[in-house]
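Protein chains in written order, with the working numbering: chain R, 1 to 293; chain Y, 1 to 160. Just so it is clear, CB atoms sit at the ideal spot from N, CA and C, and this is done for glycine as well. Keep in mind the model is a prediction, meaning the values are calculated, not measured. For reference, the structure is listed below as structure tokens.
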């Protein structure tokens, strides 16, 4: 690895000040499992690496009073995976975290790093988008909040400006009678997902009629994306085989996959159809079972 | 740029002056001289560089040395004591879970951490737990058997 300066600030303000320096090309370092690989192999050459290790208030999982959960950006994915609060309030997020890399990777990789790295295939993104999560962004002095679905602007690109850091991710409370799940396909151990699908469906009382739904797709567009046309098709409809088939076909229309080393665009389209059908079928079974299992 | 680094490796305190772009793997091997930890892919895929950081497995090739400041590192050299093998090491030897040996230090440390959390893992749990450690010799069968044998040893039993 090429040499670089390394600073380890002890406050958020200090960290953001270094990141804001217009003269340098500073890079924030959380777990390092993406940043170090990019510095070694992908030509990332920051002038200074800003370690977040000693910055307090970034590594936490908080059970919010409203029933939601706030997760500090530098919380390791392993902690997210095993958190009792997350498993109780938004278990699909724990599942998505558990699917990232290996135990070794999850002990270092952080939820904020997974999001800020902004890979179209980031495992935590589709389910967090489906759940309506928000990104809490700070410049060291003031905070702003953006919906996570608006956080990504392109591959490796986010709305974070120079000198800004993602401080936390806030997952709102799950609505009553809602079902959420994340599903992904991958070729083998340690592989990034070829397609990821996150779903949060809210049902009318005592039926399989959809009141509200968010479907988010990963690895099929420049950024993790909401399948809005599919959601519109589903809204207000009874979730049955015909609706599920129509919705899954609509999701394929919306996805914009590309050919890459992991899969062809054509294969990804098939996967979008299959996986959308699977998550919607699971939601349907859950609703028909009176909101259980 | 060099910077002071204080870390504990296998119970020994080290006060070193280390360049800020060095990885924990490089410091363990080149500065401290413990070469049991292996350099494999350098991308966090193969697990040959696995060490335990505060008891949890990490890829030391993806940890900047200075990020381990003030923390406890356990390498394969610190696992047994003297000539006495740790039960996981003994299980790997007696089961024949070693061929070329390059993946073995990482495999043993990951297995140790797995068994610390889950003393009697299922086969599926062993495979999931060792997902980040690649072996290109054994086909993994003997390695899974070794982890099962280690579990048995740690639970007070003997290797069959």
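Under 9 Å between C-beta atoms, does residue i make it to chain Y?
| i | result |
| --- | --- |
| residue 5 (chain R) | yes |
| residue 108 (chain R) | yes |
| residue 53 (chain R) | yes |
| residue 185 (chain R) | no |
| residue 33 (chain R) | yes |
| residue 41 (chain R) | yes |
| residue 2 (chain R) | yes |
| residue 288 (chain R) | no |
| residue 104 (chain R) | yes |
| residue 156 (chain R) | no |
Is there a Cβ from chain R that is less than 9 Å from the Cβ of residue i?
| i | result |
| --- | --- |
| residue 31 (chain Y) | no |
| residue 157 (chain Y) | no |
| residue 58 (chain Y) | yes |
| residue 6 (chain Y) | no |
| residue 112 (chain Y) | no |
| residue 154 (chain Y) | no |
| residue 142 (chain Y) | no |
| residue 86 (chain Y) | no |
| residue 133 (chain Y) | yes |
| residue 17 (chain Y) | no |
| residue 139 (chain Y) | no |
| residue 23 (chain Y) | yes |
| residue 20 (chain Y) | yes |
In the DSSP assignment, what residue or residues form a beta bridge with residue i?
| i | result |
| --- | --- |
| residue 14 (chain Y) | Y:7 |
| residue 157 (chain R) | R:154 |
| residue 198 (chain R) | R:182, R:216 |
| residue 117 (chain R) | DSSP lists no partner for residue 117 (chain R). |
| residue 81 (chain Y) | Y:84 |
| residue 36 (chain R) | Paired residues: none, contrary to the question. |
| residue 110 (chain R) | R:76 |
| residue 27 (chain R) | R:49 |
| residue 137 (chain R) | R:144, R:166 |
| residue 74 (chain Y) | Y:52 |
| residue 24 (chain Y) | DSSP lists no partner for residue 24 (chain Y). |
| residue 64 (chain Y) | Y:23 |
| residue 123 (chain R) | DSSP, once it has assigned bridges, lists no residue as partnering residue 123 (chain R). |
| residue 2 (chain Y) | Y:19 |
| residue 6 (chain R) | R:49 |
| residue 57 (chain Y) | Y:52 |
I believe residue i touches residue j by the beta-carbon criterion, under 8 Å. Please report the beta-carbon distance rounded to the nearest angstrom.
| i | j | result |
| --- | --- | --- |
| residue 45 (chain Y) | residue 1 (chain R) | About 17 Å separates the two Cβ atoms, so there is no contact after all. |
| residue 199 (chain R) | residue 181 (chain R) | 6 Å |
| residue 48 (chain Y) | residue 101 (chain Y) | Not quite, the Cβ-Cβ distance comes to about 10 Å (not below 8 Å), so this is no contact. |
| residue 138 (chain Y) | residue 97 (chain Y) | 6 Å |
| residue 80 (chain R) | residue 171 (chain R) | About 11 Å separates the two Cβ atoms, so there is no contact after all. |
| residue 140 (chain R) | residue 76 (chain R) | The Cβ separation is near 23 Å, so there is no contact. |
| residue 110 (chain Y) | residue 23 (chain Y) | The pair is not a contact, with the Cβ atoms about 18 Å apart (cut-off 8 Å). |
| residue 4 (chain Y) | residue 65 (chain Y) | Their Cβ separation, rounded to whole angstroms, is 11 Å, which puts residue 4 (chain Y) and residue 65 (chain Y) out of contact at 8 Å. |
| residue 5 (chain R) | residue 48 (chain R) | 4 Å |
| residue 273 (chain R) | residue 249 (chain R) | 7 Å |
| residue 73 (chain R) | residue 166 (chain R) | 5 Å |
| residue 251 (chain R) | residue 230 (chain R) | 5 Å |
| residue 145 (chain Y) | residue 95 (chain Y) | 5 Å |
| residue 197 (chain R) | residue 275 (chain R) | 4 Å |
Judging by CA-CA distance, which residue of the options is the nearest neighbour of residue i?
| i | options | result |
| --- | --- | --- |
| residue 7 (chain Y) | Y:59, Y:70, Y:60 | Y:70 |
| residue 269 (chain R) | R:111, R:277, R:261, R:257 | R:257 |
| residue 156 (chain R) | R:195, R:147, R:219 | R:219 |
| residue 168 (chain R) | R:143, R:183, R:175 | R:143 |
| residue 125 (chain R) | R:12, R:193, R:281, R:28 | R:193 |
| residue 132 (chain Y) | Y:29, Y:43, Y:18, Y:117 | Y:43 |
| residue 115 (chain Y) | Y:103, Y:129, Y:104, Y:124 | Y:129 |
| residue 32 (chain Y) | Y:74, Y:145, Y:85 | Y:74 |
| residue 12 (chain Y) | Y:126, Y:72, Y:62 | Y:72 |
| residue 69 (chain R) | R:57, R:53, R:59, R:90 | R:90 |
| residue 281 (chain R) | R:234, R:115, R:51, R:103 | R:234 |
| residue 149 (chain Y) | Y:135, Y:136, Y:123 | Y:123 |
| residue 120 (chain R) | R:43, R:227, R:262, R:222 | R:222 |
| residue 67 (chain R) | R:59, R:87, R:290, R:53 | R:87 |
| residue 212 (chain R) | R:60, R:19, R:41, R:239 | R:239 |
| residue 35 (chain Y) | Y:120, Y:76, Y:87 | Y:76 |
| residue 288 (chain R) | R:266, R:203, R:154 | R:203 |
| residue 136 (chain Y) | Y:10, Y:104, Y:155 | Y:104 |
| residue 195 (chain R) | R:146, R:11, R:96, R:37 | R:96 |
For a minimum of 3 consecutive residues, which ranges assigned as the beta strand (DSSP E) are wholly contained in the stretch 47 to 102 of chain R? Look at the stretch 47 to 102 of chain R and you find these whole runs of beta strand (DSSP E), each 3 residues long or longer: 48 to 51, 61 to 63, 69 to 72.
Return the chain-ordered ranges of every alpha helix (DSSP H) run that is complete within the stretch 97 to 144 of chain Y and spans a minimum of 4 residues. 104 to 117, 123 to 129, all fully within the stretch 97 to 144 of chain Y.
Start-end ranges of the alpha helix (DSSP H) lying completely within the stretch 201 to 261 of chain R, minimum 4 residues: 228 to 234, 241 to 254, all fully within the stretch 201 to 261 of chain R.
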